[in-house]
Structure formats: C-alpha cells, structure tokens
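Reading through the structure tokens given below for one structure.
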Amino acid sequence: MSRLAVVCGGSRGIGRAVSRLLATRGCRVAIVSRNEDVAKATVKSLHGADHVALSCDVSKEQDVQKTFEMIQKTCGNISYLVNAAGINRDALLLRIRPEDMLPQLHTNLLGSMLTCRAALRSMLHTEGAAVVNIGSVVGMKGNSGQCVYSASKAGLEGFTRSLAKEVASRNIRVNLLAPGFIHTDMTLGLKEDRARSIPLGRFGEPEEVAQAVLFLLESSYVTGQVLVVDGGLQLAM
Ligand code: NDP
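Residue numbering for the sequence shown follows our numbering, starting at 1389 and increasing by one per position.
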C-alpha cells in the first residue's frame, strides 16, 4: 500500500504544491482545510487516485479529533503529516484588534499541535514517519507589523524541537521549514518591490518550497531542524 500523507492547508498555496508533489511521488494524499469545495477541486487535480478532501478547522480540537479518526478509519495509518494551514492578520501591536490576535495563534500554533497530537498514534505504526511544520523566517527574525504572527511561528519552532525529542525513540521525525516571501494568496497584497530586499531578487514559488518539504520528509537522519527556504532573505533581515 502506498504511503498516506495528510496535508493540512493542502487546498491552496504551499500546501497545494506539497500535495501535488507527494501525489506524483506515489503518495495517497488527504487534504485538510476549511473550504471543502476548494479542497475537492485540488484533489481532482492531483496525479493518481485515492486522494481525499476533508473539511476541518485545525484550530478546533473536536473538529481535528473527528477528522483524524475518519482518516484513520477510511485511509489507514499516516506516514507523513505536513502542517501548512496558516493565516495572517498583519497590524502593529498598538493597532491590532484582540479578535485578530487569537485566530492567528489558534490556527498557526495550536492547530499544528492538535494535528500532531491526533496523528501521532497512527504514525507509530508506519516506517519512516515524519512531520513537517511550516514556520516562517519572521518567526526567527521578527517583523514590524507581525508581532502575533511571528510569535505563532516562533512558538511552532520550539514545539517542533520538543516534539522531535519526544518521538525520536519511536523513529518519528519532526522538522520545521521556514519560508520567506512565496507567491500565494497570503502574499497577494504585497508589493513586488519587496523583492529588492531578497538576495535572489524575487519571491519564491510554492513548488520550490514543496521540493524542500519533500527533502525533509524523506531525510531519514534529520530531525528537530529548521530549514530556511527564502532566497537568502534572512541574510538581509
Ligand atoms: P494560503 O493562504 O495560500 O493557504 C493557506 C491554506 O491553509 C489554505 O489551504 C487554507 O484553506 C488553509 N487554512 C487556513 N486556515 C485554516 C484552518 N483554520 N483550518 C484548516 N485549514 C486552514 O497560504 P500559504 O500557502 O502562503 O501559507 C502556507 C503556510 O506557509 C502558512 O502556515 C503560512 O503562515 C506559511 N508561510 C507562508 C509564506 C508566504 O510567503 N506565502 C511565508 C512564510 C510562511 P481554507 O481557507 O479553505 O481553510
């Protein structure tokens, strides 16, 4: 039976590119996101068969639990988990509305914790199981206007390292990939002149991030690490 990969946030952007690449590598892919229609459209576009779309809000514990039970029941044990579900609500801390703070923490940080917790038992039963959490360079360097978002991503880094230690003895690996500016819906509002601050001189494409996610999923002696995929942006921050 081919490997089962669960990609949270797999319907659009970076997660969609990861789903596409994993499908071409023979994985069965379960795409988890809130909008089921968009997820179904992505599933339809994937190479091969046996992929599924599930509607789930990763920030809601019961939703996550129910969804992963369904995945286990209908698709079997999970080999790979990619946490690419994320949101941003950028504003200076003095201006940000409290109602825009918690959703970022709940989706970007708590969401990944909940999905890892729900997937781990199933992953114990597969050889070479691995998790990749999608962080951000701003979680490492900070960014004005992104205090809450960057805190969620910095928290994800600590979570990744700790979980890597907890599950290494069970041969499950956990790593974090930190992208810079990538062309997706999330960066639609950003001006391209931002690219001037990137040593490689351009935004990245989701497919370029997906390649690096695949590397982390398949690298059997790498765990608890952060891989930066940012065209050199971090060097200039
Ligand atoms: P997109 O906005 O293109 O896609 C986000 C994905 O996450 C969608 O599939 C969306 O589906 C899903 N999602 C959002 N909230 C939830 C939720 N509560 N529950 C389940 N699914 C959810 O974003 P990107 O592809 O750009 O971002 C992917 C990850 O990469 C995020 O964690 C982001 O923070 C990170 N990142 C992105 C960068 C960039 O430049 N693009 C830079 C650095 C990090 P739906 O709305 O249907 O739920």
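Where is the CB? At the ideal position from N, CA and C, for every residue including glycine. Keep in mind it's a predicted model, so treat the numbers as computed, not measured.
Query: Cβ contact check for the region 1436 to 1452 and the region 1416 to 1428: 3 or more pairs under 8 Å; Result: yes
Query: CB contact check: I1459 to chain C, cutoff 8 Å; Result: Of the protein chains in the structure, only one exists, and it is not chain C.
Query: Proximity test, N1496 beta-carbon vs the ligand NDP heavy atom, cut-off 7 Å; Result: yes
Query: Pair within 8 Å by beta-carbon distance, Y1537 and N1476; Result: yes
Query: Member of Y1468, E1554 and R1404 whose CA lies at the smallest distance from the CA of G1612; Result: E1554
Query: Residue nearest to L1623 in terms of C-alpha spacing, selected from L1602, F1603 and V1526; Result: V1526
Query: First through last residue of the alpha helix (DSSP H) which encompasses S1500; Result: G1499 to M1511
Query: Spatially closest choice to L1602 from R1584, N1563 and K1432, by CA coordinates; Result: N1563
Query: Beta-ladder partner(s) of P1567, from DSSP; Result: V1617
Query: Alpha-carbon to alpha-carbon, T1548 and V1610; Result: 13 Å
Query: Residue span of the beta strand (DSSP E) that contains C1396, given as start and end; Result: L1392 to C1396
Query: Contact under 8 Å by Cβ, I1570 with P1594; Result: yes
Query: Where V1420 falls: helix, strand or coil (DSSP); Result: strand
Query: Top-ranked residue by Cα proximity to A1518, from T1503, M1528, S1524 and G1401; Result: T1503
Query: Proximity to V1395 [Cα-Cα], best of S1467, D1425, R1485 and K1448; Result: S1467
Query: Any non-hydrogen atom of the ligand NDP within 7 Å of T1548 CB; Result: no
Query: Whole-number beta carbon distance between V1614 and E1515, since they are thought to touch under 8 Å; Result: That belief does not hold up - the Cβ atoms of E1515 and V1614 are roughly 25 Å apart, past 8 Å.
Query: Distance between H1494 and R1485 (C-alpha atoms, nearest Å); Result: 15 Å
Query: L1497 classed as buried or exposed, judged by whether at least 16 other C-beta atoms fall within 10 angstroms; Result: buried
Query: Any non-hydrogen atom of the ligand NDP within 7 Å of R1422 CB; Result: yes
Query: Between the CA atoms of T1412 and K1448 - distance to the nearest angstrom; Result: 31 Å
Query: Test item: CB-CB of R1400 and T1572 under 8 Å; Result: yes
Query: V1597 to I1560 span [Cα, whole Å]; Result: 22 Å
Query: 6 Å Cβ shell around Q1534 - same chain, five flanking residues per side excluded; Result: D1478 and V1526
Query: Near the ligand NDP: C1444 beta-carbon under 7 Å from a heavy atom; Result: yes
Query: Contact check, L1469 vs A1507, beta carbons under 8 Å; Result: yes
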